[in-house]
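In what follows, a structure is listed as structure tokens, so that the remarks can point back to it.
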Amino acid sequence: MAKGNIEDHVSALIVASPGRMRDGLRALLRNVPRIGAILQADDSSSSLEMIVKEQPALVLLDSKLADDDIQNVLQQIKIESPQTRCIVLADNSEQQWLAKTAGADSVLLTGYSTEILFATIEGVLSWPRNIFSSDPNPNKPALEIRNEKLDGNVDELATSNF
Numbered sequence: 012m013a014k015g016n017i018e019d020h021v022s023a024l025i026v027a028s029p030g031r032m033r034d035g036l037r038a039l040l041r042n043v044p045r046i047g048a049i050l051q052a053d054d055s056s057s058s059l060e061m062i063v064k065e066q067p068a069l070v071l072l073d074s075k076l077a078d079d080d081i082q083n084v085l086q087q088i089k090i091e092s093p094q095t096r097c098i099v100l101a102d103n104s105e106q107q108w109l110a111k112t113a114g115a116d117s118v119l120l121t122g123y124s125t126e127i128l129f130a131t132i133e134g135v136l137s138w139p140r141n142i143f144s145s146d147p148n149p150n151k152p153a154l155e156i157r158n159e160k161l162d163g164n165v166d167e168l169a170t171s172n173f
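Note that this note's numbering has the sequence shown beginning at 12, numbered continuously upward.
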């Protein structure tokens, strides 16, 4: 895939355990035209050191790594690098709620498609926070992606504040 000018490239940091998930995220990020450097961290403490040093535009955070401390990790990221966009990959609604309240720019629940992840990455990199929202409430997402099931129930797959 053709990449733009070097000046248009931003860096991304994947915070996840080594393995298939991190490898898959890295492969996906390679196909995002705006992403240049792809950094990796195995835990939240090394990720914070990288964020201070590298100031990445995007952080993909696996909530399993910061399960007990997701709020503190996100708050530290926003303190150290307020312009960094954070997408949290959550396994359950409790992790989703914790990530949202701690300032995640977007949260994806397990079961999201590659297309949803790609669109979410493009979205958080492309728009200022809450550009679509006329609601002054910062806790209300600017975008919600929902999956309506045949039985009428709805699963919330992703929310984003861009």
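Ideal placement from N, C-alpha and C gives every residue a C-beta, glycine not left out.
Here the structure is a predicted model, which is why all the values come from computation and not from measurement.
- Under the rule that a run must span 4 or more residues, the alpha helix (DSSP H) segments found entirely inside the stretch 49-107 read 55-65 and 81-91.
- As DSSP reads the structure, Ile25 sits in a beta bridge with Gln51 and Leu71.
- Of all alpha-carbon atoms in Asn42, Arg96, Ser22 and Arg41, the one lying nearest the alpha-carbon of Ala113 is that of Arg96.
- Distances from the CA of Val21 to each of Gly30, Pro44 and Leu119 were compared; the closest alpha carbon is that of Pro44.
- One alpha carbon belongs to Ser92, the other to Thr125, and they sit about 27 Å apart.
- Rounded to whole angstroms, the gap between the alpha carbons of Ile90 and Met61 is 14 Å.
- Within a 10 Å sphere around the beta-carbon of Val99 sit 16 or more other beta-carbons, which makes this residue buried.
- 8 Å or more divides the Cβ of Leu40 from the Cβ of Pro67.
- Rounded to whole angstroms, the separation of the alpha carbons of Val63 and Gly122 is 31 Å.
- DSSP places Ser117 inside the beta strand (DSSP E), whose first and last residues are Ser117 to Leu120.
- Its chain contains no residue whose beta carbon lies nearer than 8 Å to that of Trp108 once the 5 sequence neighbours on both sides are disregarded.
- Cβ contact annotation for Asp102 (same chain, cutoff 8 Å, sequence separation greater than five): Ser74, Lys75, Leu120 and Thr121, in chain order.
- Here Ser28 is exposed: its Cβ has fewer than 16 other Cβ atoms, across all protein chains shown, within 10 Å.
- Between Glu105 and Lys111, the alpha-carbon positions lie close to 10 Å from each other.
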